[in-house]
Structure formats: structure tokens, C-alpha cells
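K.L.:
What follows is a single structure, and I will ask about it in a moment.
There are 2 protein chains.
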Amino acid sequence: MKANADLLRGALEPVILEVIADGATYGYEIAKAIEKASEGRLLAQEGTLYPALHRLQKQGLLDAEWAVSPEGRQRKHYQLTPLGRKQRQALRKEWTEFTRAVNLILGIEHVQPQLAW
Amino acid sequence: MKANADLLRGALEPVILEVIADGATYGYEIAKAIEKASEGRLLAQEGTLYPALHRLQKQGLLDAEWAVSPEGRQRKHYQLTPLGRKQRQALRKEWTEFTRAVNLILGIEHVQPQLAW
DNA sequence: CTATCATGCCTAGGTAAGCTAGGTATCAGC
DNA sequence: GCTGATACCTAGCTTACCTAGGCATGATAG
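Those sequence lines, one after another, are chains A and B.
Those letters in the first sequence? Residues 1 to 117, per the numbering used here, in order.
Those letters in the second sequence? Residues 1 to 117, per the numbering used here, in order.
Encoded structure:
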């Protein structure tokens, strides 16, 4: 998975915003959600994910709130701010356009994004 | 184009190998080829491109050779080594699989790469 | 003749971000 | 008691894009 590090840089933030929009709320769950939603192909290391969440919060894209799980564990729950929802759309668009440009060069056909939200 | 910096990181090397395979040989031409092949959407800054070419050469993916243009200018011509050709295919594959994984999360349909080479 | 622009190469330093490798703590199950 | 899963965190390493400069020549406009 190491070779994916450079690739991940452009994709991590849209991916995080997406899984949170889809219902994942706290760090550990977000990591699992990314793994599951990508069918095991994407792995956000803790040392990557937690700083990224703090970054997004600092940028005003996420709100955070501590809560206790039924088992008594501390969890920090995140949710999208209005700005975060806007940014989610913006990053989706940027991702789509960028990959289209690269696919153009690589000679790979591109698809339209599904309007699935 | 600044926002693309993180995205570019995972894509620059496959893109460079691709345009060289498609006939671009020296730095300035490679830069223009990337711009043209992406229909103006991708821009590899000189401060990004030249170090990348040196990196690829150091990795044994490119061979370089100085030559003089018809106008008398010095040009450094690059070509893929056998290893570079292998890596081109490997990076194409990696790019395709990675974007597939991200698209899975973002809910974007993916396509099969065309066998266009 | 002389600017200016395109061509053509280069790199030092700033910055950002993923990863490694650690740390801390609780709960469940054996 | 021990191990593994859960749950959070960060310091430091490393890599690589970008900014902003540098140098040089040829072509073109004025």
C-alpha cells in the first residue's frame, strides 16, 4: 500500500467528507468505513487520518463533539458543517475533473459521475 | 491550479511516462504535451517537471541524451528504458485501480481502461 | 538596434502531508 | 493475566510540488 501514498494525497479529503456524509462519525469508524466502502483497497493509517480530521475541523469543514459509547469508550464524533457540505461537492467536482484530465492523457475513457446524493 | 498540487502528486509520474511513450522527448516539449493532451487542464510547472525527470532518470526509468535543435538550442532528450516501459504499465494499472477505489467511495461509476497502446 | 517573448535548461528553499513508530487507555474474551 | 479490538493522539522523517529566482539563445517587433 506504500506506493499509494502520493495518490492518497489528492483523494483523502474528499473521501473523508464522503464517508462522514454517509454516516460515519468518529475516527475509528471513519477508518473502517473507508476500508469497507473501497472494498479493502484504501487504507487510511491512523497517523494519516487523525491529523487529517483535525485539519478539516480547523478549516471549518467539520464539527467535533466528544461522546461516550455504550461500552463506555470516549469517541470524538464529527459532522459536516455547512461549509463542509459545500466543500464536499467542490472536491467531488475537482476529483472528477482532474481524473478526467489524467485519463485523457492515459487514453482511458472517463465516465460521468452519478448524481447519487 | 494550485488546489491540484495534491492531486498531481499521484498522477505526474504516469503522465510523464505516458507522454514520453507517445513521442515527447525533451522537457519543454513534455510540458507542452501534458498541457495539450489534457486539453489545458493539467500544467506541470518547470520547478516540478525537471526534478521529476531527474528523479525518473535516477530510478532507471528514463535515459537522457543531450542534442542540439535545428535552431541551435540545447535540448535534453529522454526516452523510456525497458524498466520505464514496465513501470508505465504498472503505474497505469495502479492509477486505474486507485481511482476505481475512490470512485467506489464517492459513488462514481468507473470504466475499464481502453487498451489503446 | 534593442526590447521582448518564446524556447530551453536548472535549483534552493518553503511548505504540506502521508507514514512510521511510538504513546495512553478501556473493554471483552480466553 | 493476557491478548486483541477499540479509541484517541503526536513527533519526526521523508518526499515532492511550487515559488522564485538564475542562465542562455533565437525570433520578432518597433
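Every residue gets a Cβ at the ideal spot worked out from N, C-alpha and C, and that includes glycine.
Predicted, not measured: the structure shown is a model, and the values here were computed from it.
Any residues in the segment 92-108 of chain A with a beta carbon nearer than 9 Å to a beta carbon of chain B? Which ones, in chain order?
P.N.:
Flagged, chain order: Arg92, Glu94, Trp95, Thr96, Glu97, Phe98, Thr99, Arg100, Ala101, Val102, Asn103, Leu104, Ile105, Leu106, Gly107, Ile108.
K.L.:
Are the segment 65-72 of chain A and the segment 40-47 of chain A touching by the rule of at least three beta carbon pairs closer than 8 Å?
P.N.:
Touching, no, given that fewer than three Cβ pairs across the two stretches are closer than 8 Å.
K.L.:
DSSP state of A:Ala5, grouped into three classes?
P.N.:
Three-state result, A:Ala5: helix.
K.L.:
Can you tell me where the alpha helix (DSSP H) holding A:Tyr28 begins and where it ends?
P.N.:
First-last of the alpha helix (DSSP H) with A:Tyr28: 27-37.
K.L.:
Name the two residues that bound the continuous beta strand (DSSP E) containing B:Glu65.
P.N.:
Segment 62-68, the beta strand (DSSP E) holding B:Glu65.
K.L.:
Counting along the chain, where does the beta strand (DSSP E) carrying A:Leu80 start and finish?
P.N.:
Element bounds for A:Leu80: 74-80.
K.L.:
Within 7 Å of any Cβ in chain A, is that where the Cβ of B:Ala24 sits?
P.N.:
It does not: the Cβ of B:Ala24 has no partner Cβ on chain A nearer than 7 Å.
K.L.:
Relative to the C-alpha of B:Leu80, which candidate in B:Gly10, B:Arg9, B:Leu8, B:Glu18 has its C-alpha closest?
P.N.:
The shortest Cα separation from B:Leu80 among B:Gly10, B:Arg9, B:Leu8, B:Glu18 belongs to B:Glu18.
K.L.:
Looking only at C-alpha atoms, which of A:Leu7, A:Leu53, A:Ala11 sits nearest to A:Ala90?
P.N.:
A:Ala90 has its Cα closest to that of A:Ala11, out of A:Leu7, A:Leu53, A:Ala11.
K.L.:
CB-CB under 7 Å to B:Val102, same chain, minus the five flanking residues each way: which ones, in chain order?
P.N.:
Nothing listed; no residue qualifies.
K.L.:
Only counting the same chain, and skipping five residues up and downstream in sequence, which positions put a Cβ closer than 7 Å to that of A:Leu49?
P.N.:
Gly27, Ile30, Ala31.
K.L.:
Just to confirm my understanding: we take B:Thr75, look at its own chain, exclude 5 residues before and 5 after, and list those with CB closer than 6 Å. What are they?
P.N.:
The displayed chain sequence assigns Arg, not Thr, to residue 75 of chain B. Result list for B:Arg75: Tyr26, Ala67, Ser69, in chain order.
K.L.:
Which bits of chain B does A:Ile34 rub up against, with CB to CB less than 8 Å?
P.N.:
Within chain B, the residues near A:Ile34 are Ile105.
K.L.:
If you reduce the DSSP assignment to three classes, tell me which class A:Glu71 lands in.
P.N.:
Three-state DSSP puts A:Glu71 in coil, outside helix and strand.
K.L.:
To the nearest angstrom, how far is the alpha carbon of B:Trp117 from that of B:Thr99?
P.N.:
Interpretation of B:Trp117 is limited by its pLDDT of 42, a score under 50 that renders its predicted location unreliable; the figure taken from the coordinates is listed afterwards. Going from the Cα of B:Trp117 to the Cα of B:Thr99 covers about 20 Å.
K.L.:
Report the residues of the segment 37-58 of chain B with a CB closer than 8 Å to any CB of chain A, ordered along the chain.
P.N.:
Per Cβ criterion, the list reads Ala37, Ser38, Glu39, Arg41, Leu42.
K.L.:
Are the Cβ atoms of B:Leu106 and A:Arg9 separated by less than 7 Å?
P.N.:
Cβ distance not < 7 Å, so B:Leu106 and A:Arg9 don't count as in contact.
K.L.:
Would you identify the three-state DSSP class for A:Gly10, choosing helix, strand or coil?
P.N.:
A:Gly10 falls in the helix class under three-state DSSP.
K.L.:
Since B:Gly47 is in the alpha helix (DSSP H), which residue starts that stretch and which ends it?
P.N.:
Per DSSP, B:Gly47 belongs to the alpha helix (DSSP H) from 46-58.
K.L.:
Compare the C-alpha of B:Lys58 against each of B:Ala44, B:Lys36, B:Leu83, B:Gln45 and name the closest.
P.N.:
For the residues B:Ala44, B:Lys36, B:Leu83, B:Gln45, the minimum Cα distance to B:Lys58 belongs to B:Leu83.
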